[in-house]
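Student: Per the working numbering, residue 37 is the first one in the sequence shown, and the count goes up by one each step.
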Amino acid sequence: MRLPPFERYVHFLGMSGSFIVGAIVGAIILNTLHAVQFEAYYNERVNLQAKMMQYEQDIHNLSQYKSQHTVIKSLTLRIEEESNEAARPKLDALAQSELLKLVREDLSILIGQSIYDIDSNAQFARKILEKKVYRDILGHDYTIELKTVLLVDNTLQVWMSVRKYTPPPS
C-alpha cells in the first residue's frame, strides 16, 4: 500500500491551521467586545429605568399636591462619594439603583408632610434609617448613613453614605 507524500501539503496545512487559530482569536475578541457593549447598554438601561420611575413618582406627587404650597412634593436621593475608598464599596449601577429604590420607599412617608415640620421629620427619618441594614442586594448587605438632609423648593434632598455591612462578632 502506498502513502501519499505529505511534503506537498505541509504549506497548505500550516496556512489552514493559521486560518483556524485566527478565526478562534477573532471570535474571542468579537465576543468580548459584544459583552462589554452589552454591559454598558444594560447599565444605561438600569439607570434610565430608575430615573423614569423617579420621574413618574415626582409627577404623581406634584399633581397630587399641586394646590398645597407648603408640603414636600418630591424626594431626591444622592449617594455621597467618600474620600476613603476602603470604607465605601464600589457599587455597580444595578446595586446602586436597587439601594436607592429601597431607601426611597423608606423615606416616602415624608412626601406630603409640611415643610415647617421638617426638623422633626428629618430626625424621624434619621431614627428610621440609623444603622439600617439593607440585606441581599445582589448578594451583599449594605448599611446607609444620612449625611445631609436639605429642603429646597418643596424638594427634599438627601445625601447618604453607603458601607458594606459587617456583622458584629459573636
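Backbone N, C-alpha and C fix where the C-beta goes; we use that ideal spot for every residue, glycine too. Nothing here was measured: the structure is a model prediction, and the numbers come from that model.
#1: By the 10 Å Cβ neighbour count, where 16 or more other Cβ atoms means buried, how is E134 classified, buried or exposed?
#2: Can you tell me whether K87 is helix, strand or coil according to DSSP?
#3: Tell me, please, whether the stretch 94-112 touches the stretch 46-56 by the rule of three or more beta-carbon pairs shorter than 8 Å.
#4: In the DSSP assignment, the alpha helix (DSSP H) including L192 goes from what residue to what residue?
#5: Bridge partners for H5 per DSSP, in chain order?
#6: What first and last residue would you give for the alpha helix (DSSP H) that runs through R140?
#7: Quick one: grab the DSSP three-state call for E22.
#8: Going by the beta-carbon positions, is the gap between Y170 and L138 smaller than 8 Å?
#9: Please check the pair V185 and Q149, which I expect to be a contact at CB under 8 Å, by giving their CB distance rounded to whole angstroms.
#10: Which residues share a DSSP beta bridge with R114?
#11: Buried or exposed: S110, going by 16 or more other Cβ atoms within 10 Å of its Cβ?
#12: Considering only the beta carbon of each residue, do K168 and I180 sit closer than 8 Å?
#13: L182: buried (16+ other C-beta within 10 angstroms of its C-beta) or exposed?
#14: With DSSP collapsed to three states, give me the class of S150.
#15: Is there a Cβ of chain C sitting closer than 8 Å to that of L165, yes or no?
#16: Distance, Cα to Cα, L165 vs V198?
#17: A161 and L143 - do their beta-carbons sit closer together than 8 Å?
Tutor: So, from the listed chains and residues:
#1: Per the 10 Å Cβ criterion, buried.
#2: Here K87 sits in helix by DSSP.
#3: Taking 8 Å as the limit for Cβ pairs, the verdict is that the stretch 46-56 does not touch the stretch 94-112.
#4: Unbroken run through L192 is the beta strand (DSSP E), 191-200; no alpha helix (DSSP H).
#5: What is shown of the chain runs 37 to 206, which leaves residue 5 out entirely.
#6: Element bounds for R140: 129-143.
#7: Residue 22 is absent from the structure shown; the chain starts at 37 and stops at 206.
#8: A contact, by the Cβ cut-off of 8 Å.
#9: Incorrect: roughly 13 Å between the Cβ atoms, too far for contact.
#10: When beta bridges are read from the DSSP output, R114 appears opposite W195.
#11: Burial state of S110 is buried, judged by a 10 Å Cβ sphere holding 16 or more other Cβ atoms.
#12: In contact: K168 and I180 (Cβ atoms closer than 8 Å).
#13: Classification of L182: buried, given that the 10 Å Cβ count is 16 or more.
#14: Residue state, collapsed to three classes: strand.
#15: This model lacks chain C altogether, as it is built from one protein chain only.
#16: Their backbone Cα atoms lie some 12 Å apart in a straight line.
#17: Against a cut-off of 8 Å, the Cβ pair of A161 and L143 comes out as a contact.
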